[in-house]
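K.L.:
Numbering (the numbering used here), first residue to last: 27 to 228.
#1: Along the chain, which unbroken stretches of the alpha helix (DSSP H) at least 4 residues long are found entirely within the segment 86-163?
#2: Taking the C-alpha atoms as reference points, what is the distance between residue 217 and residue 105?
#3: Candidates 150, 154, 167 and 212: which alpha carbon is nearest residue 201's?
#4: Rounding to the nearest angstrom, what Cα-Cα distance links residue 70 and residue 34 in this structure?
#5: Excluding the five sequence neighbours on either side, which residues of its own chain have a C-beta within less than 7 Å of the C-beta of residue 112, listed in chain order?
#6: Note down, in chain order, each residue of its chain lying with its Cβ closer than 6 Å to the Cβ of residue 97, except the 5 sequence neighbours on either side.
#7: Can you tell which of 122, 78 and 120 has its C-alpha closest to the C-alpha of residue 108?
#8: Tell me whether residue 166 sits in a helix, a strand or coil according to DSSP, three-state version.
#9: In whole angstroms, what is the alpha-carbon distance linking residue 152 and residue 90?
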């Protein structure tokens, strides 16, 4: 049993840390494929990385339904920490989630299980926050689209290996679709629904 006193703390300086994290996430969204750094916080619960925890403290609240994958949901520390620090309701139905936290990319559900937005409200879709092994080594990917001058190159070790193939569903859905935020410790890369990714091999 984890008591409230034993939970890892949130931000030491709530306002400055939240502003800094928000800016990092917005910069990542504005410049897809670029690696942004999040100022690390003191402690994180269970399998949650520092960047994931900072994003949760910044973007989640009682109005943002949250879906946790099995790895996250099985950690009572994560569930208690999330409830105490953010108040975000954890939902069983991924189709109504504002955010999804994925600790085990190999077990990522099919993207159609998440909220894809509507024609009137394309922003009412799930943002998938996916923890990955690293964002500075591994396979090379070429990114094209708004916010990218020509082509951006991303090197990353990502599971599932076919993530970007799966994200091609966004092309048919636009303006609806899924936005993805990749997190490796305190590094963050955003793959908005408007970004097209080509796997360049190793």
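We put the beta carbon where it would ideally sit given N, CA and C, even for glycine.
In this text the structure is predicted, and so the values were computed from the model without any measurement.
P.N.:
The relevant details are as follows:
#1: 96-99 and 102-111
#2: 26 Å
#3: 150
#4: 6 Å
#5: 82, 83, 86 and 87
#6: 73, 129 and 130
#7: 78
#8: strand
#9: 10 Å
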